[in-house]
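Have a look at the structure below before the remarks.
Residue numbers (this note's numbering), protein chains in the order written: chain Y, 98 to 283; chain Z, 66 to 135.
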């Protein structure tokens, strides 16, 4: 029975399923689904602790955003533990993390973003204009359409901005750029 | 169409969260104050990743360049 839990291909599939459920928000990936699809010869009683162990390992790796040195050290320690993993399983987990790390990290970042994101931006500049009721020529104006919202909700916001506001914002951005190069790169 | 009244920004670094202990994720949070034709001001806020913000900034520079020429 234990031998059936050691298959590499099944473990790779299991890790994918666990990642879908834990990080990418995929509903409906139950332990019974994983067992019947990947380990049909294994009983649920035996499968359950194995699944919990793999889920725990994957979550630890993702939570610490392990680099490859940390990953090697962590997995080696897991192989030496009582009731830990085999070196074949460690190799599968290592390969999985290396190819899925970026996507998992992106999902974790999205989970931690609670405010709306900027989904789209388009703009136009209207030139000088005059109207029948207003003899004064209007100054150029930038009109922007921002799509702000989490997935499933979009808010279209059109704004008129005068030329001076544009210049003020440009200055703000220059300050930001300067701050960024000092803080992020240090 | 709403008028932009104020633009505020904040550069943040998300360090840790309940789902990920080691986040290390920089972001820019923007607060726009916009007024409708009646003068009522509303706040709209949103977040951007750094690459998104760089694109946002690039667009603004383009707008500024165009506005100068009009």
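The beta carbon of each residue, even a glycine, is placed where N, CA and C say it ideally should be.
Under the assumption that residue i contacts residue j (Cβ atoms under 8 Å), give the Cβ distance between them as a whole number of angstroms.
i              : j              : result
residue 135(Y) : residue 153(Y) : At roughly 18 Å, the Cβ-Cβ gap does not stay under 8 Å, so residue 135(Y) and residue 153(Y) are not in contact.
residue 245(Y) : residue 215(Y) : 6 Å
residue 187(Y) : residue 175(Y) : 7 Å
residue 68(Z)  : residue 99(Z)  : 7 Å
residue 66(Y)  : residue 120(Y) : The displayed coordinates of chain Y run from 98 to 283. Any statement about residue 66(Y) would go beyond what the structure contains.
residue 263(Y) : residue 129(Z) : 5 Å
residue 237(Y) : residue 132(Z) : 5 Å
For residue i and chain Y, any beta-carbon pair shorter than 8 Å?
i              : result
residue 98(Z)  : no
residue 110(Z) : yes
residue 82(Z)  : yes
residue 103(Z) : no
residue 131(Z) : yes
residue 135(Z) : yes
Take residue i and list the residues in its own chain whose beta-carbon comes closer than 8 Å to its own, dropping the five residues that flank it on each side.
i              : result
residue 282(Y) : Confidence at residue 282(Y) is low in this model, with a pLDDT of 47, below 50, so the placement of that residue is unreliable and no value is reported for it.
residue 128(Y) : 141, 144, 145 and 148
Checking the sheet assignment: what are the DSSP bridge partners for residue i?
i              : result
residue 91(Z)  : 78(Z)
residue 217(Y) : 244(Y)
residue 172(Y) : Residue 172(Y) is not bridged to any residue.
Give a yes or no on whether the minimum CB-CB distance between residue i and chain Z is below 8 Å.
i              : result
residue 282(Y) : At residue 282(Y), the pLDDT of 47 sits below 50, so the modelled position is not reliable and the matter cannot be decided from this model.
residue 224(Y) : yes
residue 209(Y) : yes
residue 245(Y) : yes
residue 166(Y) : no
residue 239(Y) : yes
residue 205(Y) : yes
residue 98(Y)  : Annotation note: pLDDT 44 at residue 98(Y) (below 50); position unreliable, no value reported.
residue 162(Y) : yes
Closer than 6 Å by C-beta to residue i: which residues in its own chain qualify, once you throw out the five before and the five after it? Chain order, please.
i             : result
residue 91(Z) : 78 and 115
Apart from the five residues on each side of it in sequence, which residues of its chain come closer than 7 Å, Cβ to Cβ, to residue i?
i              : result
residue 168(Y) : 158, 191 and 194
residue 98(Y)  : Legend: pLDDT at residue 98(Y) = 44, less than 50; position of this residue unreliable, value from coordinates given subsequently. Hits under 7 Å: 139 and 143.
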